[in-house]
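Engineer: When the letters of the sequence shown are read in order and numbered with my numbering, they come out as residues 14 to 264. Following this message is one structure expressed as structure tokens.
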Amino acid sequence: MAWAVLQTPFWTIDYVCQPRAGQDQHRQVLAWVDGRARALLDTPFGHPTWFVNVFADQAERIRDLEAAGFASQADMGEDSWSKVLLQRPAGTAVADCALPGFVIRPLQENEVEAYVELHRAVFESKNMTAEWRMRTLRRPEHLPELDLVAAAPDGRLAAFCIGWLDRGSPKPSGQIEPLGVHPDWRGLGLGRAMLAEALRRLYLCGADRVCVETDNYRNAALELYEALGFRLLRDVWVYRKDYGGAGRQGA
């Protein structure tokens, strides 16, 4: 009826509840999360803060989160944090955005260390690890042809874009997560080229639509997605709960 995961590399809590389970199930999940977060404090997997995403129109879930001690980050001044969920239908053509000198191709297993270095440079974070990334390559739902990188003229990895395909009913759908360009190669149109190629491949795999979630303050990212046909589907709010303790704050 439900599952929940504390995503320790990213300080986030993911969970799903069956709609027919009712609000009591949601509150039980939050209680379990609270217990695990407290038990993990001052261990290698503990964090002083955890984050949860919720759609802005899920009023009952929001009430449960606030009752459980989570606070919205949507109106925190310079530190405000909220997101948007965008969607693009399959019926719209994808323009050719190839960039001369760069080769867009699937990531190879022997490039995982280079990918991690690139990912950390793009997001200015050390959350991504080689061990975590290697496990994604070996997941049964991972499709190598959708796990793309761009090699620069000098051979270095310059950008990445991963597409995920959900073959569930009623129609298959795709998701972009994540997309990034190294600071040294921004402003060339490489992000557009990566996104266009990922979309093309997702549609070839049968995706009826493709979604992407991004922080709504990342203006460049929003402009890129909208330029390639994505449109706002739902607002996503970020909720935070602080637990204290040393945790692993340097992660």
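Here a beta-carbon is modelled for each residue, glycine too, at the ideal position from N, C-alpha and C.
What does the alpha-carbon distance come out to for the pair Gly263 and Gly257?
Structural biologist: Position 250 of the sequence shown holds residue 263. Position 244 of the sequence shown holds residue 257. Only weak support exists for where Gly263 lies, its pLDDT of 38 falling under 50; the value from the coordinates is given anyway. Rounded to the nearest angstrom, the two C-alpha atoms are 14 Å apart.
Engineer: Between the segment 245-257 and the segment 82-99, do at least 3 Cβ pairs fall closer than 8 Å?
Structural biologist: Taking 8 Å as the limit for Cβ pairs, the verdict is that the segment 82-99 does touch the segment 245-257.
Engineer: Grab me the residues of Thr149's own chain with a C-beta within less than 7 Å of its C-beta, minus the 5 sequence neighbours each way, in chain order.
Structural biologist: Against the sequence shown, residue 149 aligns to sequence position 136. Cβ neighbours of Thr149 beyond the five flanking positions: His155.
Engineer: Would Met141 and Ala172 qualify as a contact pair, given that the criterion is a beta-carbon distance under 8 Å?
Structural biologist: Along the sequence shown, read from residue 1 onward, the residue named residue 141 stands at position 128. Along the sequence shown, read from residue 1 onward, the residue named residue 172 stands at position 159. Contact flag unset, no.
Engineer: Please classify Tyr128 as buried or exposed, where buried requires at least 16 neighbouring CB atoms within 10 angstroms.
Structural biologist: For the purposes of this step, residue 128 is taken as residue 115 along the sequence shown, with counting starting at 1. The residue is buried, with at least 16 neighbouring Cβ atoms inside 10 Å.
Engineer: When burial is assigned at 16 or more other CB atoms within 10 Å of the CB, is Ala211 buried or exposed?
Structural biologist: Reading the sequence shown from its first residue, position 198 is the one you call residue 211. With 16 or more Cβ atoms within 10 Å of its Cβ, Ala211 is classed as buried.
Engineer: With H, G and I counted as helix, E and B as strand and the rest as coil, what does DSSP make of Leu156?
Structural biologist: If you number the sequence shown from 1, residue 156 lands on position 143. Coil at Leu156, not helix or strand.
Engineer: May I ask which residues mark the beginning and end of the alpha helix (DSSP H) holding Phe136?
Structural biologist: Start at 1 with the first residue of the sequence shown, and residue 136 comes out as number 123. That run of the alpha helix (DSSP H) goes Val125 to Phe136.
Engineer: Judging by CA-CA distance, which residue of Tyr230, Ala234 and Thr62 is the nearest neighbour of Gly90?
Structural biologist: Counting from 1 along the sequence shown, the entry for residue 90 is found at position 77. Among Tyr230, Ala234 and Thr62, the Cα nearest to that of Gly90 belongs to Tyr230.
Engineer: In whole angstroms, give me the CA-to-CA distance for Val163 and Arg169.
Structural biologist: In the sequence shown, counting from the first residue as 1, residue 163 sits at position 150. In the sequence shown, counting from the first residue as 1, residue 169 sits at position 156. A small fix is needed here, since residue 163 is Ala in this sequence, not Val. One C-alpha to the other measures close to 8 Å.
Engineer: If we ignore side chains and look at the alpha-carbon of each, how far apart do Val46 and Leu19 end up?
Structural biologist: Stepping through the sequence shown from its first residue, residue 46 is reached at position 33. Stepping through the sequence shown from its first residue, residue 19 is reached at position 6. Whole-angstrom Cα-Cα distance: 8 Å.
Engineer: Which word fits Leu245, buried or exposed, when buried means at least 16 other C-beta atoms lie within 10 angstroms of its C-beta?
Structural biologist: Against the sequence shown, residue 245 aligns to sequence position 232. Its Cβ having fewer than 16 others within 10 Å, Leu245 is exposed.
Engineer: When burial is assigned at 16 or more other CB atoms within 10 Å of the CB, is Gly193 buried or exposed?
Structural biologist: Sequence index remark: in the sequence shown, residue 193 carries index 180 (1-based). Burial call: buried.
Engineer: Closest to Arg101 by C-alpha separation, out of Lys254, Gly242 and Asp255, would be which residue?
Structural biologist: By one-based count along the sequence shown, residue 101 stands at place 88. Among Lys254, Gly242 and Asp255, the Cα nearest to that of Arg101 belongs to Gly242.
Engineer: So what does DSSP say about Asn66, is it helix, strand or coil?
Structural biologist: Numbered from its first residue, the sequence shown carries residue 66 at position 53. The answer is strand: DSSP assigns Asn66 an E or B state.
Engineer: Going along the chain, which residues of its own chain have a beta-carbon closer than 6 Å to the beta-carbon of Leu160, five neighbours each way excluded?
Structural biologist: Against the sequence shown, residue 160 aligns to sequence position 147. At residue 160 the sequence reads Asp, which differs from the Leu that was named. Around Asp160: Pro119, Leu120 and Ile175.
Engineer: Classify Ala234 as buried or exposed, calling it buried when 16 or more other Cβ atoms lie within 10 Å of its own Cβ.
Structural biologist: Indexing the sequence shown from 1 puts residue 234 at position 221. Under this definition Ala234 is a buried residue.
Engineer: My assumption, with CB atoms under 8 Å, is that Gly202 sits in contact with Pro166. Please give the rounded CB distance.
Structural biologist: Locating residue 202 in the sequence shown gives position 189, where the first residue counts as 1. Locating residue 166 in the sequence shown gives position 153, where the first residue counts as 1. Rounded, the Cβ-Cβ distance is 15 Å, inconsistent with contact.
Engineer: Is it buried or exposed for Ala143, if we count other Cβ within 10 angstroms and need 16 for buried?
Structural biologist: Position 130 of the sequence shown, counted from the start, is the residue given in the question as residue 143. Ala143 is exposed by the Cβ-count criterion.
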